[in-house]
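Here numbering that gives the first Met the number 0 is used: the first residue of the sequence shown is 0, the next is one more, and so on.
Notes to accompany the following structure.
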Amino acid sequence: MKRKSILLFLLSAVTCFFSTAQNADSVANRIIIGYFNKQEVLNVLPEAVQFEAEYAKIKAEYEEQFNALTEEYDKKVQNFLEKRDNVSNAMRLALQTEITELESRINLYKKRYQNDLSKRRSNFYTPIESRIDEAISQVCSERNIAIVFDKSTPVYVSSQCEDITPYVKIKLGL
0 MKRKSILLFL
10 LSAVTCFFST
20 AQNADSVANR
30 IIIGYFNKQE
40 VLNVLPEAVQ
50 FEAEYAKIKA
60 EYEEQFNALT
70 EEYDKKVQNF
80 LEKRDNVSNA
90 MRLALQTEIT
100 ELESRINLYK
110 KRYQNDLSKR
120 RSNFYTPIES
130 RIDEAISQVC
140 SERNIAIVFD
150 KSTPVYVSSQ
160 CEDITPYVKI
170 KLGL
């Protein structure tokens with residue numbers, strides 16, 4: 000009787016052990032980690048490509064104007080340095096005031112154009128990123144993926160992870 004009890008106990012323990020091991024394996028198999036390359040998606044998204052071209056043009060125009068103001072500032076400073084010893088105090092103060100005002104204008108211009116460029120980029124990419132997030136969500140649901148990383152982040156990506164970039168592109172119609 001004692002032998003039967005011990006044998007039954009051992010059999011139950013082994014069965015329980017293997018059952019637990021199988022459950023652990025099935026849990027591990029259900030957690031799938033994916034990654035995608037956001038920049039790759041943005042590089043082929045037609046509206047993003049068009050926006051980047053327009054953005055570069057606007058930025059170049061701003062920088063051209065900024066460079067013109069900076070050049071004007073440099074000339075005024077050079078002019079002041081050449082004349083400062085040969086002009087009256089009133090004229091020297093007028094030249095200094097002119098330089099200071101131009102410096103303020105340049106700083107204000109730079110701040111405004113950087114804010115404008117930042118707003119343009121944000122206004123454009125916010126809805127695009129929402130579309131990408133929705134596509135990622137759909138792909139994750141379809142492929143049972145629990146976690147997704149952007150490939151550009153410094154995270155190690157093993158061969159066990161799944162690249163979902165092609166599926167996200169398909170969802171976005173690319």
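Ideal Cβ positions, reconstructed from N, Cα and C, are used throughout, including at glycine.
Asked                                                                                                                                                                              : Found
Quick one: give me the first and last residue of the beta strand (DSSP E) that Val147 is part of.                                                                                  : 144–149
Does DSSP classify Ile163 as helix, strand or coil?                                                                                                                                : coil
How is Ile30 classed by DSSP in three states: helix, strand or coil?                                                                                                               : coil
Assess contact between the region 140–147 and the region 161–168, defined as three or more Cβ pairs (one per stretch) separated by less than 8 Å. Is contact present?              : yes
Could you pull out every residue in the same chain whose Cβ sits closer than 6 Å to the Cβ of Arg83, ignoring the five residues on either side in sequence?                        : Arg91
Using the beta-carbon count (16 or more within 10 Å), is Gln44 buried or exposed?                                                                                                  : The residue you asked about is not Gln; residue 44 is Leu in the sequence shown. The residue in question, Leu44, is buried, as its Cβ has 16 or more Cβ neighbours within 10 Å.
Assign Ile135 to one of two classes, buried (16 or more other C-beta atoms within 10 Å of its C-beta) or exposed (fewer than that).                                                : buried
Check whether the Cβ atoms of Val147 and Tyr61 lie closer than 8 Å to each other.                                                                                                  : no
For Lys109, which option in Asp162, Cys160, Glu63 has the closest C-alpha, if you only look at C-alpha atoms?                                                                      : Glu63
Less than 8 Å between the beta carbons of Asn36 and Lys150, yes or no?                                                                                                             : yes
Kindly list the residues whose CB is nearer than 8 Å to the CB of Ile98, restricted to its own chain and excluding five residues on each side of it in sequence; keep chain order. : Tyr72, Lys75, Val76, Phe79
So Arg104 and Leu68 are supposed to be a Cβ contact under 8 Å. How far apart are they, rounded?                                                                                    : 7 Å
Cutting at 7 Å between CB atoms, please list the residues of its own chain near Lys58, excluding the five before and the five after it.                                            : Leu116
Thinking C-beta only, is Glu161 closer than 8 Å to Ile30?                                                                                                                          : no
Helix, strand or coil: how does DSSP classify Ser4 here?                                                                                                                           : Any reading at Ser4 must be qualified, since the residue scores a pLDDT of 45, below 50, and its modelled position is unreliable; the value itself is stated next. If DSSP states are grouped into helix, strand and coil, Ser4 belongs with the helices.
Which same chain residues, not among the five before or five after Val40, have their C-beta less than 8 Å away from its C-beta?                                                    : Ile131, Thr164, Val167, Lys168, Leu171, Leu173
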